[in-house]
Amino acid sequence: MDIALSKEERAFAERMRTFFTTEIPAEIRDRLARGGHATREDFLTSQQIMNKHGLAVPHWPTQWGGQDWTPVQRHLYAEEMLLAFVPPPLAFNTQMVGPVIATFGSEAIKERFLPKTASLDIWWCQGFSEPNAGSDLASLKTTAVRDGDEYIVNGQKTWTTLAQWANWIFCLVRTDPEAKKQRGISFLLIDMDTPGITVRPIQLIDGGHEVNEVFFDNVRVPADQLVGEENAGWDYAKFLLGNERTGVVAVGQTKARILRIKRLAAETVVNGRSLLEDPLFRAKLTRLEVEVTAIEMSVLRVLDAEGRNGPGKPDPVSSVLKLKGSELQQQATELLVDLLGPAALAYREDGEVPDGFSALPEGSVDALPTFFNWRKASIYSGSNEVQRTIIAKAILKF
Amino acid sequence: MELDLTDEQRMLGDAVKSLLDKRYDANARLALLESSGPEHWSRELWKQYAELGLLGLTFDEQYGGAGMGVGELAVVMEAFGRALILEPFIATVVLGGQLIAAAGTPEQKSTLLPAVAEGSTLLAFGYTEPASRWSLTDITTTATPSGDGWTISGEKIAVLGGDVADQLLVTATTPDGAVGLFLVAGADVVRDTYQLQDGLGAADVLLSDSPAVAVGSPADALAHIESVLDVATAVLCSEAVGAMDRMLWLTVDYLKTRVQFGQPISVFQALQFRSADMYVSLEQARSMALVARLSLADDDVAERRRAVQAAKIQIDTSSRHIGLEAIQLHGGIGMTMEYPVGHYVKRTTVIAKTFADTDTLVEIVGAGGGLITAG
Numbered sequence: 022m023d024i025a026l027s028k029e030e031r032a033f034a035e036r037m038r039t040f041f042t043t044e045i046p047a048e049i050r051d052r053l054a055r056g057g058h059a060t061r062e063d064f065l066t067s068q069q070i071m072n073k074h075g076l077a078v079p080h081w082p083t084q085w086g087g088q089d090w091t092p093v094q095r096h097l098y099a100e101e102m103l104l105a106f107v108p109p110p111l112a113f114n115t116q117m118v119g120p121v122i123a124t125f126g127s128e129a130i131k132e133r134f135l136p137k138t139a140s141l142d143i144w145w146c147q148g149f150s151e152p153n154a155g156s157d158l159a160s161l162k163t164t165a166v167r168d169g170d171e172y173i174v175n176g177q178k179t180w181t182t183l184a185q186w187a188n189w190i191f192c193l194v195r196t197d198p199e200a201k202k203q204r205g206i207s208f209l210l211i212d213m214d215t216p217g218i219t220v221r222p223i224q225l226i227d228g229g230h231e232v233n234e235v236f237f238d239n240v241r242v243p244a245d246q247l248v249g250e251e252n253a254g255w256d257y258a259k260f261l262l263g264n265e266r267t268g269v270v271a272v273g274q275t276k277a278r279i280l281r282i283k284r285l286a287a288e289t290v291v292n293g294r295s296l297l298e299d300p301l302f303r304a305k306l307t308r309l310e311v312e313v314t315a316i317e318m319s320v321l322r323v324l325d326a327e328g329r330n331g332p333g334k335p336d337p338v339s340s341v342l343k344l345k346g347s348e349l350q351q352q353a354t355e356l357l358v359d360l361l362g363p364a365a366l367a368y369r370e371d372g373e374v375p376d377g378f379s380a381l382p383e384g385s386v387d388a389l390p391t392f393f394n395w396r397k398a399s400i401y402s403g404s405n406e407v408q409r410t411i412i413a414k415a416i417l418k419f
Numbered sequence: 002m003e004l005d006l007t008d009e010q011r012m013l014g015d016a017v018k019s020l021l022d023k024r025y026d027a028n029a030r031l032a033l034l035e036s037s038g039p040e041h042w043s044r045e046l047w048k049q050y051a052e053l054g055l056l057g058l059t060f061d062e063q064y065g066g067a068g069m070g071v072g073e074l075a076v077v078m079e080a081f082g083r084a085l086i087l088e089p090f091i092a093t094v095v096l097g098g099q100l101i102a103a104a105g106t107p108e109q110k111s112t113l114l115p116a117v118a119e120g121s122t123l124l125a126f127g128y129t130e131p132a133s134r135w136s137l138t139d140i141t142t143t144a145t146p147s148g149d150g151w152t153i154s155g156e157k158i159a160v161l162g163g164d165v166a167d168q169l170l171v172t173a174t175t176p177d178g179a180v181g182l183f184l185v186a187g188a189d190v191v192r193d194t195y196q197l198q199d200g201l202g203a204a205d206v207l208l209s210d211s212p213a214v215a216v217g218s219p220a221d222a223l224a225h226i227e228s229v230l231d232v233a234t235a236v237l238c239s240e241a242v243g244a245m246d247r248m249l250w251l252t253v254d255y256l257k258t259r260v261q262f263g264q265p266i267s268v269f270q271a272l273q274f275r276s277a278d279m280y281v282s283l284e285q286a287r288s289m290a291l292v293a294r295l296s297l298a299d300d301d302v303a304e305r306r307r308a309v310q311a312a313k314i315q316i317d318t319s320s321r322h323i324g325l326e327a328i329q330l331h332g333g334i335g336m337t338m339e340y341p342v343g344h345y346v347k348r349t350t351v352i353a354k355t356f357a358d359t360d361t362l363v364e365i366v367g368a369g370g371g372l373i374t375a376g
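Rendered as structure tokens:
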């Protein structure tokens, strides 16, 4: 989308590209570019390199390691990172709990947590959703009862992403059962090693282990791990979810997927013609590229408005970005499946084959699992039906 | 990054909108459309467009123009799209005038452009033929040198504004194989005139040894035509966005006022969600119209053309979705001539088949390597 950018912005993007492609190990990026998963170690390596260069948390206050960037610069940074297949800084740390602590936490809590959150010395997971609190998050039931200098937490969280790798969890807990449902909620930080916490893996349809259930059985949490004020947690949660607005589109990731598909399609030759020259496949690809280009400009329009008007309330247009952006991500995963044909069908843990068999084409291991896995994109972060409701109410004024 | 309109563009848009709000409500438009005369547009409004400077918007000031850019033209076209104007603006100004400005000799410019800008001359551009679809080069019309000029023979179809044009610009192949651009007097052709489905005037045109002059040099014409069509396509996208915006809000407002089962039907989630999806389509279209407009400043012709073509793919996709949903969500009233929404649908349906259709463009953009490329 160079046409929309100033010369300075283009130079900035170039600088970011150079950083990501020279400083982040090629071994990691190449593996991810071929469809491999990032390991815990990959995330640590990547974020720690970025943090060393002051690039792990650019949108935080400068005093805590942020950069004084424009919304467009922050966007370009994220885009170039995704295009270079760099494992991004852990969103739970940098996009979610970090900004909440930096904005609403006491000085003591900031000093205790922010540096380790930026460096990934603490790996956070998110304790929001519960079995009966999904889209209707405020109906959550996990309780925290004050007992002297501690809270006693009981309940269950679910869909907790990468809880198996996390050492801390930030939770929404009910501290006032009498208050109206949004009002009695608090934002509590809990060490995963605290006695009484059990993590149970949830296997997803892609065969992978990405999310978990987390059970709290009389877990005693020091009261100084409360962020901000008691019973004000819902406001912090709304602030946190508002920060997801343009980032969740991850246009760079969809573009990176499309580039990979084009590379593989050019190499996939049947009856003397590559798939990239197949009119039907190419038409699907082209239509997807058009929609992705459109949403990229939509993101820039939101950022442009934000740059002119300053950060305000979440722009309801960001619901368009989430809704359409997730659909396009999903379409991109589907095209890879189309491309591989029969080679996509086997369920395999890795790309190894016994002696004498042909090497597997790239994508055979990850295409269908990724397609299944990315059904999540239209469910998480405010399901697409929630986004339609927001558009209907906030924009169309139904 | 600067994506918002300039103050000057905003003022221009407001001026056009204010004129059209006064003069172009649905009833006034319907009266023009159904008038018994041969012309279904307003010559009187045409004069007002001239007074506002719209008819020479992008022409150089030395030729009576306002010397403005494509951004301003896009703003005007979006306002025209909202009002669904019937005047031959695209034919005369966007195509005819800009072709003369791009390809014409200094003499042709100084004769024709001031006349277009003041509203006294109407032009049209004929390039589609019975068997050409939208190809600029797969044509059978021929140009033969004759004295100082040329004679043209062939047939052009669906020539926008061809019903009223004083002079027509037509494409024809010269003996050495170039697709040239030629100016023919309206009196020297035979026309079968009609209204398009959207109410705009057009004609099929027969040329039989019609005397003509070349617009600039035939050898250079094709590149100029392609560039003008890039601009025309980009601003057609803006017009379509104006029309789509109106279709969405007509629908939303209707749902809020239509009462069935004792309540406004806007309370039904099925209708709310479909309206929300229409809004998403509109935003995608709006973004691509902006991509098209910004890309016109790109010096790289291939990049520019690809962006404009991609924009039209999105615009046509979005307007089909929005238009057909607009009728469905209105119910029976959306099917009537009396109610405006169907007229917007007819206009955007015609736009989707103007200059090139979606399938053609998808094929061109795809074969050219697509939009998302490494590096």
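The listed protein sequences correspond, in order, to chains C and A.
The numbering used here applies: residue 22 is where the first sequence begins, and numbers increase by one.
The numbering used here applies: residue 2 is where the second sequence begins, and numbers increase by one.
Ideal Cβ positions, reconstructed from N, Cα and C, are used throughout, including at glycine.
All values reported here derive from a predicted model rather than from experimental measurement.
Which value, in whole angstroms, describes the spacing of the CA atoms of Q63 (chain A) and A315 (chain C)? 38 Å
Where does Q168 (chain A) sit, in a helix, a strand or coil, going by DSSP? strand
Starting from S150 (chain C) and walking both ways along the alpha helix (DSSP H), at which residues does that stretch end? Careful: S150 (chain C) lies outside any alpha helix (DSSP H) and carries neither H nor E.
Interface residues of chain C around L372 (chain A) at Cβ under 7 Å? E310, V311, T314
Does the segment 156-164 of chain C come close enough to the segment 115-129 of chain C to have 3 or more Cβ pairs within less than 8 Å? no
Within chain A, the residues that T164 (chain C) reaches when beta carbons sit closer than 8 Å: Taking a Cβ-Cβ cut-off of 8 Å, T164 (chain C) has no neighbours in chain A, whose nearest Cβ is about 33 Å from it.
Between A:T175, A:V190, A:Q310, A:I266, which lies nearest to D221 (chain A) when the distance is taken from Cα to Cα? With distances taken between CA atoms, D221 (chain A) lies nearest to A:T175 out of A:T175, A:V190, A:Q310, A:I266.
What's the gap between the Cα of L111 (chain C) and the Cα of A303 (chain A)? 39 Å
Answer yes or no: do L283 (chain A) and S267 (chain A) have a C-beta to C-beta separation smaller than 8 Å? no
Return the CA-CA distance between F183 (chain A) and G127 (chain A), expressed in angstroms with no decimal places. 10 Å
Chain-ordered chain C contacts of A375 (chain A) [CB-CB under 7 Å]: L280
Determine, for M318 (chain C), whether the minimum Cβ-Cβ distance to residues of chain A falls below 8 Å. Put simply, the CB of M318 (chain C) is near chain A, with a gap under 8 Å to one of its CB atoms.
Which of the three DSSP states, helix, strand or coil, is assigned to Y50 (chain A)? helix
Helix, strand or coil for I140 (chain A), going by three-state DSSP, please let me know. coil
Ranges of the beta strand (DSSP E) found wholly within the segment 13-61 of chain A, counting only runs of at least 3: Runs of the beta strand (DSSP E) inside the segment 13-61 of chain A: none found.
So, helix, strand or coil for K313 (chain A), using DSSP? In this structure, K313 (chain A) counts as helix in the three-state DSSP scheme.
Should R95 (chain C) be flagged as near chain A, meaning a C-beta pair shorter than 8 Å? no
Run the CB neighbour count on P89 (chain A), radius 10 Å, all protein chains shown included, and call it buried at 16 or more, exposed below. buried
Quick one: is G335 (chain A) buried, meaning 16 or more other Cβ sit within 10 Å of its Cβ, or exposed? buried
Short of 7 Å in beta carbon distance, which residues of its chain neighbour Q109 (chain A), apart from the five on each side in sequence? Order them along the chain. I101, V216
Helix, strand or coil at Y172 (chain C) according to DSSP, with G and I counted as helix: strand
Got a sec: which bits of the segment 136-166 of chain C sit with their beta carbon under 8 Å from any beta carbon on chain A, in order along the chain? none
Residues that L295 (chain A) contacts on chain C, provided the C-beta gap is smaller than 8 Å: I24, A25
Over the uninterrupted alpha helix (DSSP H) stretch that includes F134 (chain C), give me the two end residues. Start and end: 128-140.
Taking the alpha carbon of E436 (chain C) as the reference point, which residue from C:M22, C:Q246, C:K397 has its own alpha carbon closest? Missing from the structure shown is residue 436 (chain C); chain C here goes from 22 to 419 and no further.
If you draw a straight line from the C-alpha of P82 (chain C) to the C-alpha of L261 (chain C), how long is it? 15 Å
Determine, using beta-carbon pairs with one atom in the segment 346-360 of chain A and one in the segment 267-276 of chain A, whether at least three such pairs fall under 8 Å. no
Which whole-angstrom value is the C-beta distance of L135 (chain C) and W85 (chain C), which I expect to be below 8 Å? 5 Å
Check the DSSP bridge columns for E370 (chain C) and list the partner residues they point to. According to DSSP, E370 (chain C) bridges with nothing at all.
When DSSP builds the beta bridges, which residues end up paired with H230 (chain C)? C:Q224
Within 10 angstroms of the Cβ of Q384 (chain C), are there 16 or more other Cβ atoms? Answer buried if so, exposed if not. The amino acid at residue 384 (chain C) is misidentified as Gln; the sequence shows Gly. Per the 10 Å Cβ criterion, buried.
Distance cutoff 8 Å, beta carbons only. Does T307 (chain C) sit that close to anything in chain A? yes
Determine, for R241 (chain C), whether the minimum Cβ-Cβ distance to residues of chain A falls below 8 Å. no
Jot down the residue ranges of each uninterrupted beta strand (DSSP E) in the segment 196-280 of chain A, minimum 3 residues, whole runs only, in chain order. 202-215, all fully within the segment 196-280 of chain A.
The beta strand (DSSP E) with K157 (chain A) in it runs from where to where? 150-161
Between the alpha carbons of S111 (chain A) and G105 (chain A), how many angstroms are there, rounded? 9 Å
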